[in-house]
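To start, the structure itself, in structure tokens.
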């Protein structure tokens, strides 16, 4: 019952870091999107942890945390949908989902 | 008891997160993500947010992840032959190092912030009472947060339209740029 | 002081004449473009312009008569025009004809009229005929503004205006190249004088609170005790301006170059009128100068030096116009000499006679040049008295007056100046001695010029050039001026003769205050010469003039060989004198070259290397940075992602640190 809030936030930080790592490292576009989802989840976790932390104190908005997390989930869904549609379009164009395939700049 | 459960779920989520990053086969990566979702849902429950936990499972695990799986199956990316095709170059060491540094820095920042003395001690994390009771949540959603709510619905509409346009199969032989074009481009050969 | 509105007509006529001639000029240009040659129209410009000056001369006569008829000193003033109204600084311009400016007025309009008529013949056939008359009329307008202004500011407007017209007229034949440079030189050197003039007028404004000339003149005596130093400084600065306009001292280099302009221009502007503006300025502000002996000393020193300088240089000139130009510089020096010893009316007298005889000489030289189809070199003339009898006769009259042969106008005016210098005594005696030397030189070079041009054998090719007498429209003014040059001495005969001192008497109401300030306020007596001294000086002047005139004439009567002899005898001296005491070379070395060097340095080092280098360098730098940066955007999403991640991490680190 007495898990300190710091630990939860640490967990969220680690998950976020893993998400960033995956976002930067993976070559498959779909998996990059998956890493983004991981990051969003970590953010959600920190929202809820904070909401719980401040729950008893007066003067705060107790529902801000869950509402925000709800909206994050919603937006993540929309974003995943659009992203995957883009992946399909990219696949049609290049017959691959490698990140490097979408590179026509001469640079 | 709850604490132990929390730490177990935490470890599980970290493991699944690592799986997302590391797995070679895309399918496994997405399945690790599913595991992460489950663990996080459990943690939400422990924190006292049952509704959020349920929503997480419904939407994330039930819809988004399914979408991912659909696309992976559609593009047949788990195929070993496909995998060979995508193998190409190995991960460059320099890039990996840079990425690790970036990720590490961010994580570190979060941890340091979390454990800073600035945050006053409040109620401990885990609890048994539900903090997102449905009634007040719904009322808040339709009163105080009505604007974001409506905006979110517009966002979803836009998303639907966007996905439709993006995924539309091109008809063979049709003008890729659209037959109408801008009025003043009529008659101009592309 | 009575008000007469008609005085504005004096300015109006030349201005309208100028505008009409300008319009005719443009009409001629468009006619020529259409292929027609508008002869009648062109001649009309000349008539209109001359008629305008005639009208102004008429008004000038009326004004003069009005003043002359009055018993006491009368001055006519036109209605004033309120120009500047800026709090404590008020400027009203009115035209004032008093006894001093009436004399100048008659000279400007009278001699101007004669020169206009002369130009009808001289400039005939020139494509810029109408333009010439437009400029000439504009010049008269500006000169009249200068002479008649009641305010120093109005005078300055006229001052600048005549400088402008001088520039335009010197460079009238700019297509030839060097006249344009000469005009520029005249303008630039004048500018230096003008700067001095302006600072002087600022000082006067500070001292008197106004630029009104009568106020300044009237208020001088009040300020003498307290602020004589500032008064002297203002006087000196204004004299600096006068030096620029009247080609004195180091600022004289522009006048010989100005001979590049048509000869009527040299006659009107650079002999009779514009160059006398400096003398007029000092005369107008005579009390200011009289109040400060140091200023007068400088005026005298510069004037006398210039008299000697001009006369010595004229001894060796080959170009007939250059002889006359240096002669003008020298004679102007005489006028300033006179001013410096308080001989106000003598200086004005010499101004008037100089306008007569120098104008005559220039017009005569123009007649000679016209007859020889542009030849100006004395060494290629000779024996012209047979071919140009009328020109020759009038030229003799002018030469006699210039050299100061007895009973000519120039004799009396020069004598009056030198006599007053002698009478003042003290340091002025030195001025007198140098003045006599310069007078000797004057006689010598004048008759050298006459001998080389009109006597001896013909050194020009008679068959190519048939010199014939100029038309009546040119010889008419010559004759009138010749008469004036001979009998003009009546204006101010010495005291020992009957009808003496007419001009001095006429000017007395205007010059009284200055004379007072100069002598009686200092407890000294106005210098008077005894009859014996006067006769002696008259005789001495006549003897020197006759002696040196004869020497000059006989040395050159047969031809210019004497020049070679002199040159062979003393080559360095000859070269020094011929090159106007190497003044131009000195300027080039001391001023022009350093300025050129400085501008070269600024242009290449500062501008090209420094400023352009910095600009171009920054552009090159921007390009280099940009091309390095371009590598970042290589189209690869993972690179973008990497940079995004790096940016976020940096942000987090910074946030942590803070």
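Residue numbers (this note's numbering), protein chains in the order written: chain A, 219 to 325; chain B, -2 to 187; chain C, 242 to 899. Every residue, glycine too, gets a C-beta built ideally from N, C-alpha and C. Source: prediction; values computed, not measured.
In the DSSP annotation of this structure, the continuous segment of the beta strand (DSSP E) that includes residue 330 of chain C starts and ends at 330 to 334.
Distance check between residue 340 of chain C and each of C:319, C:504, C:835, C:304 places C:304 closest, using alpha-carbon atoms only. Using a Cβ-Cβ cut-off of 9 Å, residue 320 of chain A is close to 876, 877, 878 of chain C, given in chain order.
Residue 292 of chain A is outside the set of residues whose beta carbon lies under 8 Å from a beta carbon in chain C. For residue 757 of chain C, the enclosing alpha helix (DSSP H) stretches over residues 743 to 759. Ranked by how close their Cα comes to the Cα of residue 595 of chain C, the residues C:700, C:728, C:805, C:306 have C:728 in first place. Remark: C-beta atoms of residue 733 of chain C and residue 657 of chain C approach each other more closely than 8 Å. In this chain, the alpha helix (DSSP H) harbouring residue 456 of chain C covers 454 to 487.
For residue 865 of chain C, the nearest beta carbon of chain A is not closer than 8 Å to its own beta carbon.
A contact is defined here as three or more CB-CB pairs under 8 Å, and the segment 566 to 584 of chain C meets this definition with respect to the segment 679 to 696 of chain C. The three-state reading of DSSP puts residue 322 of chain C in strand, counting E and B together. Around the Cβ of residue 619 of chain C, a 10 Å sphere holds 16 or more other Cβ atoms; the residue is buried. Any Cβ of chain C closer than 8 Å to the Cβ of residue 13 of chain B would place that residue at the interface, and such an atom is absent. Taking a contact to require three or more Cβ pairs closer than 8 Å, the segment 624 to 633 of chain C and the segment 695 to 715 of chain C qualify as touching. Residue-level contact by beta carbon holds for residue 270 of chain A and chain B, with a gap shorter than 8 Å. Membership of residue 789 of chain C in the alpha helix (DSSP H) is indicated by the continuous run 772 to 797. Residue 53 of chain B is classed as buried because its beta carbon has at least 16 other beta carbons within 10 Å across all chains shown. Bridge partners of residue 390 of chain C according to DSSP: C:336.
Not flagged as an interface residue toward chain C: residue 229 of chain A, since no C-beta distance is shorter than 8 Å. A straight line joining the alpha-carbon of residue 817 of chain C with that of residue 547 of chain C spans about 15 Å.
Considering only B:159, B:92, B:153, the residue with the shortest C-alpha distance to residue 884 of chain C is B:92. In the same chain as residue 665 of chain C, and ignoring 5 residues on each side of it, the C-beta atoms closer than 8 Å to its own belong to 582, 583, 768, in chain order.
Annotation for residue 272 of chain A: no alpha helix (DSSP H) segment contains it, and DSSP assigns it neither H nor E. When the five nearest sequence neighbours on each side are left out, the beta carbons in the same chain lying within less than 7 Å of the beta carbon of residue 138 of chain B are those of 146, in order along the chain.
Of C:632, C:294, C:588, C:712, the smallest CA-CA separation from residue 748 of chain C is found for C:588.
Using a Cβ-Cβ cut-off of 7 Å, residue 883 of chain C is close to 242 of chain A, given in chain order. Taking a Cβ-Cβ cut-off of 8 Å, residue 851 of chain C has no neighbours in chain A, whose nearest Cβ is about 36 Å from it. Under DSSP, residue 243 of chain C forms a beta bridge with C:317. DSSP places residue 9 of chain B inside the alpha helix (DSSP H), whose first and last residues are -1 to 19. Straight-line spacing of the CA atoms in residue 369 of chain C and residue 860 of chain C works out to 52 Å.
Shown here, residue 734 of chain C sits in a strand according to DSSP, grouped into three states. Under the DSSP definition of a beta bridge, residue 327 of chain C partners with C:330. Per DSSP, reduced to three states, the secondary structure at residue 853 of chain C is helical. Any Cβ of chain A closer than 8 Å to the Cβ of residue 140 of chain B would place that residue at the interface, and such an atom is absent. Shown here, residue 825 of chain C sits in a helix according to DSSP, grouped into three states.
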